Amino acid sequence: MLTLCHNRRMTRHRPLPALLRAQLFVHLAAMEKAGLPPDRAYALLDLGRAGSARVAAFRKMAARRNEPAGAGLASGLFTPFEARLLRAAFAAGSPLATYQRLAAFHSTRAQQLATLRSRMALPVAILTIALFVQPLPALAGGTLSAAGYLWRVLAPLLVLGGGALLAARAIQWFGAGSASPARAGVESALLALPVFGPVHLRRNMRDFVDSLALLLDAGLPLFDAMPVALDTVGNRLVRADLEAMLPKLTSGATLAQALQTLRLADTGQLHALVLTGEQSGTLPEMLRRHAASEGDAINRFQLEMMAWLPRVFYALVALWMAFNIIVSSLGAVAPL
Numbered sequence: 001m002l003t004l005c006h007n008r009r010m011t012r013h014r015p016l017p018a019l020l021r022a023q024l025f026v027h028l029a030a031m032e033k034a035g036l037p038p039d040r041a042y043a044l045l046d047l048g049r050a051g052s053a054r055v056a057a058f059r060k061m062a063a064r065r066n067e068p069a070g071a072g073l074a075s076g077l078f079t080p081f082e083a084r085l086l087r088a089a090f091a092a093g094s095p096l097a098t099y100q101r102l103a104a105f106h107s108t109r110a111q112q113l114a115t116l117r118s119r120m121a122l123p124v125a126i127l128t129i130a131l132f133v134q135p136l137p138a139l140a141g142g143t144l145s146a147a148g149y150l151w152r153v154l155a156p157l158l159v160l161g162g163g164a165l166l167a168a169r170a171i172q173w174f175g176a177g178s179a180s181p182a183r184a185g186v187e188s189a190l191l192a193l194p195v196f197g198p199v200h201l202r203r204n205m206r207d208f209v210d211s212l213a214l215l216l217d218a219g220l221p222l223f224d225a226m227p228v229a230l231d232t233v234g235n236r237l238v239r240a241d242l243e244a245m246l247p248k249l250t251s252g253a254t255l256a257q258a259l260q261t262l263r264l265a266d267t268g269q270l271h272a273l274v275l276t277g278e279q280s281g282t283l284p285e286m287l288r289r290h291a292a293s294e295g296d297a298i299n300r301f302q303l304e305m306m307a308w309l310p311r312v313f314y315a316l317v318a319l320w321m322a323f324n325i326i327v328s329s330l331g332a333v334a335p336l
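Here full-length UniProt numbering is used: the first residue of the sequence shown is 1, the next is one more, and so on.
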């Protein structure tokens, strides 16, 4: 019971905006690169009013626990995913590469969100105008009261706003990483989705490969690096599939041979790179190359989705307006 309450306290925070998270990891990377001790680096951390309370809580917890990843998670400065990555990074010795990766990730995400907001501004404005204009003829004709007019305008906006709020809460709940039957069902459904499922799988595999490369590059043996790298995989079905490699590795198989036991991911390219790395003694470098390639592919997919989302919204608004015009026309003709 105590553990459950502790987990709830650690995951109750809403994640900081992407731009602030980018600033956070840019600062931590710069301080780590400059060689400042952690307490000095944390003392110089400034995220403005929005993050001041979390920074203060983080500094106190980090000083008491001497475990930055857990302190960042408990204070709400890090998300569960970021904390998992940073635990792997601290196990490898230096978190610099992970700080830089997270800074680049959140900077890209902030830019993508800003682009999406600018692209969605016009279709949302068109929808709002259409909602106000469409019931005007009925209001002017006296067939619709003022209260009815307001309801016709506000009801769709309330539904859309409620849907967006529920989606945001669902994303926050899923990102918290708490184990439950509901989460297992969501993870299974995500993997089964067309288009988005393969990208979700590739993102989890990328996190594992990138963390494994970091740990091996720091000199950890493969058997010690595997459990830490597995902990960075968010989807438990993917993690269970990856854990199936452990018996193979224990029995003396190479990593390239163990990869052939995986059922979910297409490991063709990864297998070839791992095989090359094991034969040439450059396994961490080959793993990093694969992770970077997968990261680029995921970013391209996200950019394409953000380019298509406004178009889909435009199409839905156009269909809704056409439907209402047809219904209005049929209503006007029906009495005749």
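Idealized CB from N, CA, C, for every residue including glycine. Computed from a prediction, not measured in an experiment: that's the story for all the values here.
Consult DSSP for LEU336 and reduce its assignment to one of helix, strand or coil.
With a pLDDT of only 40 at LEU336, under 50, the local geometry of the prediction cannot be trusted, and the value read off the model is given with reservation. Here LEU336 sits in coil by DSSP.
Quick check on GLU304: buried or exposed, where buried means 16 or more other Cβ atoms within 10 Å of its Cβ?
exposed
According to DSSP, is SER251 helix, strand or coil?
coil
Three Cβ pairs or more, each shorter than 8 Å: is that satisfied between the stretch 278 to 292 and the stretch 210 to 227?
Contact between the stretch 278 to 292 and the stretch 210 to 227 is present, because at least three Cβ pairs lie under 8 Å.
Between which two residues does the alpha helix (DSSP H) harbouring SER280 extend?
In the DSSP annotation of this structure, the continuous segment of the alpha helix (DSSP H) that includes SER280 starts and ends at 268 to 280.
Proximity winner among ALA138, LYS248, PHE174 and PHE105, relative to ASP296 (alpha-carbon distances):
PHE105
Under 9 Å between the Cβ atoms of HIS13 and GLY76?
yes
How is SER75 classed by DSSP in three states: helix, strand or coil?
Helix at SER75.
Under a three-way DSSP split, which group does GLN134 fall into?
coil
Three-state secondary structure (DSSP) at VAL186?
Residue state, collapsed to three classes: helix.
For ALA50 versus LEU16, is the C-beta distance shorter than 9 Å?
yes
Quick check on this structure: which residue in PHE81, ARG87 and PRO95 has the alpha carbon closest to the alpha carbon of PRO37?
PRO95
Taking its Cβ as the centre, do 16 or more other Cβ atoms sit within 10 Å of LEU165, making it buried, or is it exposed?
exposed
LEU319: buried (16+ other C-beta within 10 angstroms of its C-beta) or exposed?
exposed
Residues in its own chain within less than 7 Å of PRO198 by CB, not counting five upstream and five downstream?
none
Residue of LEU264, ALA258 and ALA89 minimising C-alpha distance to ALA272
ALA258
Assigned exposure category for LEU136 - 16 Cβ within 10 Å defines buried:
With fewer than 16 Cβ atoms within 10 Å of its Cβ, LEU136 is classed as exposed.
Rounded to the nearest angstrom, how far is the Cβ of GLY48 from that of ALA218, given a contact under 8 Å?
About 34 Å; that fails the 8 Å criterion.
Starting from the Cα of ASN324, find the closest Cα among LEU131, ALA103 and THR115 and give me that residue.
LEU131
Between the stretch 232 to 244 and the stretch 298 to 316, do at least 3 Cβ pairs fall closer than 8 Å?
Flag = no, the stretch 232 to 244 and the stretch 298 to 316 do not touch.
For the alpha helix (DSSP H) holding ASN204, just list the boundary residues, first then last.
196 to 217
Which first and last residues belong to the alpha helix (DSSP H) in which ASP231 is found?
Note, ASP231: premise wrong, no alpha helix (DSSP H); not H, not E.
Would ALA71 and MET61 qualify as a contact pair, given that the criterion is a beta-carbon distance under 9 Å?
yes
Does DSSP put ARG9 in a helix, in a strand, or in coil?
With a pLDDT of 42 at ARG9, under the threshold of 50, the modelled position of that residue is not reliable, and no figure is offered here.
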